[in-house]
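Q:
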Amino acid sequence: MTKALVLEGVDAWYGAAQVLFGLSLRVAPGEVVALLGRNGAGKTTTLRAIMGLVPRRRGRIEYGGVDLTGLPTHRIARLGIGYVPEDRRILATLTVRENLEVGRQPPRPGAPVWSVSRLFDLFPSLASMADRSAGGMSGGEQQMLAIARTLMGNPSLLLLDEPSEGLAPLVVEELARTLSKLAGEGLSVLLAEQNVHFARRLAGRAAIVEKGRVQVEGTMEAIVADEGLRRRYLAV
2 MTKALVLEGV DAWYGAAQVL FGLSLRVAPG EVVALLGRNG AGKTTTLRAI MGLVPRRRGR
62 IEYGGVDLTG LPTHRIARLG IGYVPEDRRI LATLTVRENL EVGRQPPRPG APVWSVSRLF
122 DLFPSLASMA DRSAGGMSGG EQQMLAIART LMGNPSLLLL DEPSEGLAPL VVEELARTLS
182 KLAGEGLSVL LAEQNVHFAR RLAGRAAIVE KGRVQVEGTM EAIVADEGLR RRYLAV
């Protein structure tokens, strides 16, 4: 069964500092939505709030009609939400294949089913280094491994935090092509990203976050076409 992600009026704090202010957002089943904004806008905190990683929050976050409030992160993941954090967190002392096996979960109803061999077809560069230590890989290779390991959990929704950051342009292009194929699998994706051109390759719709609030929502095409909007909210 396909599931929608719904955030309504979400506030979030780190200690005494409030980071999100009444943030509302929706990702429909099979949809790719980009969460755009500068550094510090609240994109990462939004993803962390969904995963139950923010110590204090209020508001409603639901996935497939299930209220995520108060659930521990491992139970949220078991509902079919996969999270690829900005720092990747690959297991450097394990091989590529071993990293993938660590992420293995049973198939989930309504979600694509992934195996090591199928992921090697999707990420050919990983196949060529299956028995290599993950700690010796480049940043781009580690990013692809982090995504592949998350897919081994057979999620129906994938949260990606700044996947293109720090990668060479050619690697970013390769990553965009691979993620486009994933979107074709019917996977829902919420992509937190500063790189508008990368996000444009994947997302049909976008929400711009500034100071912890969704300021603008619209089609990706409309946002890309509005130079004033991009200058106001996205220019560094």
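For what it's worth, the working numbering labels the leading residue of the sequence shown as 2, then goes sequentially.
Ideal placement from N, C-alpha and C gives every residue a C-beta, glycine not left out.
1. Give a yes or no on whether the C-beta atoms belonging to S25 and G43 are separated by under 8 Å.
2. Would a C-beta distance cut-off of 8 Å place M52 and Q106 closer than the cut-off?
3. Suppose contacts are defined by Cβ-Cβ distances below 8 Å. Is V215 in contact with D162 by that definition?
4. In the DSSP assignment, the alpha helix (DSSP H) including L176 goes from what residue to what residue?
5. Entirely within the stretch 51 to 79 and at least 4 residues each: give me those alpha helix (DSSP H) ranges in chain order.
6. Name the two residues that bound the continuous beta strand (DSSP E) containing F1.
7. For A112, I'd like the list of residues in its chain whose CB is within less than 8 Å of its CB, leaving aside the five on either flank, ordered along the chain.
8. Taking 8 Å as the threshold, find out whether the stretch 172 to 192 comes into contact with the stretch 13 to 33 through three or more Cβ pairs.
9. Any beta-carbon of chain C closer than 8 Å to the one on N155?
10. In the DSSP assignment, what are the bridge partners of Y84?
11. Which residues in the same chain have their Cβ closer than 8 Å to the Cβ of A208, if we skip the five residues on either side of it in sequence?
12. Going by Cα to Cα distance, which pick from Y15, D132, E102 is closest to R59?
A: Working from what's here:
1. no
2. no
3. no
4. 170 to 184
5. 74 to 79
6. No answer is possible for residue 1: the residues shown for the chain start at 2 and end at 237.
7. G81, N155, P156, S157, L188
8. yes
9. Of the protein chains in the structure, only one exists, and it is not chain C.
10. L160
11. L26, V34, A35, L36, L37, V215, V217, E218
12. Y15
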